Amino acid sequence: MATLQRPDFVYMNGKLVSWEEATIHIGCEAVTRGLNVFEGIKGYWRKGDGFGLIFLEKHYKRLLRSAKLLHIPCPWTYEEYKSAVFELMGALLQKEKDMWIRTTLYVIEGHWGEGTKADLIMTAYHQPCEEPQPINLGFSTWQRSGDNMLPARIKTSTNYQVGRLARIEGKSRNFDDMVLLNQWGRIAEATGSCILMVRDGIVYTPLSTEGALESITLDFVEKLANSLNVKFVRKPIDRTELLIADEIAICGTLAEVVPVKMIDTNKLEAYGPILSKIREKFFRVVRGEESEPYLDVDLVPVAKLRH
Ligand code: PMP
Numbered sequence: 427m428a429t430l431q432r433p434d435f436v437y438m439n440g441k442l443v444s445w446e447e448a449t450i451h452i453g454c455e456a457v458t459r460g461l462n463v464f465e466g467i468k469g470y471w472r473k474g475d476g477f478g479l480i481f482l483e484k485h486y487k488r489l490l491r492s493a494k495l496l497h498i499p500c501p502w503t504y505e506e507y508k509s510a511v512f513e514l515m516g517a518l519l520q521k522e523k524d525m526w527i528r529t530t531l532y533v534i535e536g537h538w539g540e541g542t543k544a545d546l547i548m549t550a551y552h553q554p555c556e557e558p559q560p561i562n563l564g565f566s567t568w569q570r571s572g573d574n575m576l577p578a579r580i581k582t583s584t585n586y587q588v589g590r591l592a593r594i595e596g597k598s599r600n601f602d603d604m605v606l607l608n609q610w611g612r613i614a615e616a617t618g619s620c621i622l623m624v625r626d627g628i629v630y631t632p633l634s635t636e637g638a639l640e641s642i643t644l645d646f647v648e649k650l651a652n653s654l655n656v657k658f659v660r661k662p663i664d665r666t667e668l669l670i671a672d673e674i675a676i677c678g679t680l681a682e683v684v685p686v687k688m689i690d691t692n693k694l695e696a697y698g699p700i701l702s703k704i705r706e707k708f709f710r711v712v713r714g715e716e717s718e719p720y721l722d723v724d725l726v727p728v729a730k731l732r733h
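When we follow my numbering, the leftmost residue of the sequence shown carries the number 427, and every step to the right adds one.
Written out as structure tokens, the structure reads:
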């Protein structure tokens, strides 16, 4: 069973506190209605550069968009947000371990939209500096909700209830992750990442209006594909198109770019030529082995590591 790491420190109430001290009241909206919006950010050890957080400002901006849609005020400026992430990194960074940072606006006060107040909370987890292995992907019987239900565009924990059910369903059928279809029966996304598919040398991905999060990694992958002269197209995708795809991968901040070796009952080439080229470039760029102007990196000062 996977157990969650318990980092020594978390960020809460404007400062670092120990894991044990970081508690919220059971009466708050975050507990009663699961009300929060969040962002997961990835930091990599980079060749020559030290430790870098990627696309930090894009994550902050998406956090604001999610908060706006749920009417959660966010009084933190980008500079304050960034300095909180840096403070936490200063306390937790370890050599040769990448990090995934979860930054969440938890609603601590309010009632049915009146007097809503949130706190900015951050937890961060160590990750091995390794590339992901190919996975089996299934189709879930659970559905990605539509834009007038629980919009996929909002990155809020309640949206992950369906993903959780899909993962439980997938596990019982030996799948590592599951594709969620939308209300029209077309491909929306995976439980925590977007879908990439190759047919006849072209990379396709569903539009966000099909029920996919507006993915920061997907925009990056599009730029990488362009730089490699690979055509990248966003369009509605049927389930049967995925079943006959030449190559498939899932992508996201935490997932990175993961090859798919099996879709439902159909085997496929995990390391196909097109997505391998993109995946390899992705890792060279985030690790600082190759430059790519689109990549946005914030280097964290790491003169003295606690660990
Ligand atoms: N869809 C879902 C449901 C996700 O949780 C994520 C991860 N944030 C993604 C897609 C990919 O988004 P991003 O590339 O911005 O991480």
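Quick reminder that beta carbons are idealized off the backbone N, C-alpha and C, glycines included. Remember, it's a predicted structure, so these values are computed and weren't measured experimentally.
Secondary structure of Thr-584 (DSSP, three-state): helix. In the DSSP assignment, Val-659 forms a beta bridge with Tyr-630. Our two residues, Ile-642 and Glu-535, have alpha carbons roughly 30 Å apart in a direct line. Take Arg-472, set aside five residues on each side of it, and the residues of its chain with a beta-carbon closer than 6 Å to its own are Gly-478, Arg-713 and Gly-714, in chain order. Cys-677 counts as buried, since at least 16 other C-beta atoms from the protein chains shown sit within 10 angstroms of its C-beta. Taking non-hydrogen atoms of the ligand PMP into account, the C-beta of Ile-613 is found less than 7 Å away from none of them. Bounds of any alpha helix (DSSP H) do not take in His-451, whose DSSP letter is neither H nor E. Taking a cut-off of 8 Å for Cβ pairs, the stretch 559-575 and the stretch 680-696 touch, as three or more such pairs fall below it.
Counting only unbroken stretches of 4 or more residues, the alpha helix (DSSP H) elements lying wholly within the stretch 453-510 are 455-458 and 482-495, in sequence order. Fully enclosed beta strand (DSSP E) runs of no fewer than 3 residues occupy 523-537, 540-554 and 561-569 of the stretch 518-600, in order along the chain. Taking 8 Å as the cut-off, the beta carbon of Leu-489 is found no closer than this to the beta carbon of Leu-461. Sequence-distant Cβ neighbours of Tyr-437 in its own chain, meaning closer than 6 Å and more than five residues away, are Ala-510, Leu-514 and Met-548.
Fewer than three beta-carbon pairs drawn from the stretch 576-596 and the stretch 539-554 are found closer than 8 Å, and the two stretches are therefore not classed as touching.
By the 16-neighbour rule on beta-carbons within 10 angstroms, Met-575 is exposed. As computed with DSSP, Met-515 is found in no beta bridge at all. Comparing alpha carbon positions, the residue from Cys-555, Ala-448 and Asn-585 closest to Glu-522 is Cys-555. Comparing C-alpha distances from Val-588 to each of Phe-601, Gly-618 and Thr-529 shows the shortest one belongs to Gly-618.
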